[in-house]
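Numbering (our numbering), first residue to last: 120 to 478. Beneath this line is the structure, given in structure tokens, with notes to follow.
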């Protein structure tokens, strides 16, 4: 039974799609056998696309409700599915690997031997997967950078979707958890360059799930802004889903471990694929050629020019403003990038844009 149920899990995860969807390679089976018991894999395989109650899923499977509910509860606590209570009714929903299950494993910030093992197995699967795919292939971007609007030069247009404050004001609850990318690196004994870990932000239903199941902490809007300020000071990139009206998360990413950033940097012109719609402008009267911006730049898009003024390679620049927030003389301001398109309105529009880009 075990071998068959994991083979079925492979097909299910292929259909769910997303980054690192199921692939028939040895690393996949080593990973899922460590993450899912055979019983959990069976339940995962039976879960429909939409949220479902334990009662309905048990009926669908022809099993006892209490048995299925116990398995679902264990899965939710392990980050193998989502769980949410609405009007005192508990719903469960299957998840993709990414965004989803692979990330949920590390949000609680645990340091057990099991977590170390899972971190190594996931990393091995991701590397093997990447070797058999082309992550540099360009499609419509699913994620976008949100610049630090406090350093936007006066007179430039700043849309509501360009402002993190917009989403902080909009959503309730807000949760902050452990950065799964950097915590997985810690579990693999890798250097995280002193970057803060407790800065991964979720909104709405995702935040509720993260608080109830993944060890995240519910924060006030002021506390959320303080997390963002700390992230900016550290030189992290604000990143979220490439939509204008609704986002479920806000990551604060580094250049060394963030899956999204690492994938983007494999592209010939990463700044054309992953961007905020802004670019840096330099004031030669204030610049002291200290090189701080060059050291902080995540995509390494800056060099010191002939006049001892930084020069930006716009093919690489993310428009993240990490250079501007770290400048000791405030010689850098962000300005609108000419001709940059607005992000899709919502998830539906994003999916349509992705389909159109690969048609």
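Just so you know, even glycine gets a beta-carbon here, dropped at the ideal spot from N, CA and C.
Contacting residues, own chain, Cβ-Cβ under 8 Å from residue 241 (five flanking each side not counted): On the chain shown, position 122 is the one that residue 241 refers to. Excluding sequence neighbours, residue 241 sits near 150, 221, 224 and 303.
First and last residue of the uninterrupted beta strand (DSSP E) at residue 421: Stepping through the chain shown from its first residue, residue 421 is reached at position 302. Counting along the chain, the beta strand (DSSP E) containing residue 421 begins and ends at 421–423.
Beta-ladder partner(s) of residue 296, from DSSP: Against the chain shown, residue 296 aligns to sequence position 177. Its beta-bridge partners are 319.
Three CB pairs or more closer than 8 Å across the region 229–240 and the region 122–134: no
Check whether residue 394 and residue 263 have beta carbons under 9 Å apart: Stepping through the chain shown from its first residue, residue 394 is reached at position 275. Stepping through the chain shown from its first residue, residue 263 is reached at position 144. For residue 394 and residue 263, yes; Cβs fall inside 9 Å.
Per-residue DSSP class, three states only, for residue 289: Within the chain shown, numbered from 1, the residue matching residue 289 stands at position 170. Correct three-state label for residue 289: helix.
Any non-hydrogen atom of the ligand FMN closer than 8 Å to residue 280 Cβ: The ligand FMN is not among the ligands present in this structure, which contains no ligands whatsoever.
DSSP state of residue 125 mapped onto helix, strand, coil: Locating residue 125 in the chain shown gives position 6, counting from the first residue. The answer is helix: DSSP assigns residue 125 an H, G or I state.
The region 313–331 contacting the region 279–292, beta-carbon criterion three pairs below 8 Å: yes
Residues near residue 75 by beta carbon distance below 8 Å, same chain, minus five either side: Given that the chain is displayed from residue 120 to residue 478, the structure contains no residue 75 and the question cannot be resolved.
Contact belief for residue 400 with residue 454 at Cβ below 8 Å, rounded distance in angstroms: For the purposes of this step, residue 400 is identified with residue 281 of the chain shown, where counting begins at 1. For the purposes of this step, residue 454 is identified with residue 335 of the chain shown, where counting begins at 1. Indeed, because the Cβ distance is near 5 Å, the residues count as touching under 8 Å.
In DSSP terms, what residue 138 is bridged to: Reading the chain shown from its first residue, position 19 is the one you call residue 138. The partner list for residue 138 (beta bridge, DSSP) reads 217.
Contact under 9 Å by Cβ, residue 357 with residue 266: As a first step, residue 357 is located in the chain shown; it is residue number 238 there, counting from the start. As a first step, residue 266 is located in the chain shown; it is residue number 147 there, counting from the start. Yes.
Selected residue, minimal CA-CA separation from residue 317, among 372, 259 and 406: Taking the first residue of the chain shown as 1, we reach residue 317 at position 198. Taking only the C-alpha atoms, the option nearest residue 317 is 372.
Residue 335 beta carbon less than 9 Å from that of residue 296: As a first step, residue 296 must be located in the chain shown, where it is residue number 177. As a first step, residue 335 must be located in the chain shown, where it is residue number 216. Yes. Within cutoff.
Sequence-distant residues of its chain with Cβ nearer than 6 Å to residue 85 (five each side left out): A query on residue 85 cannot be resolved here, the shown segment of the chain reaching from 120 to 478 and no further.
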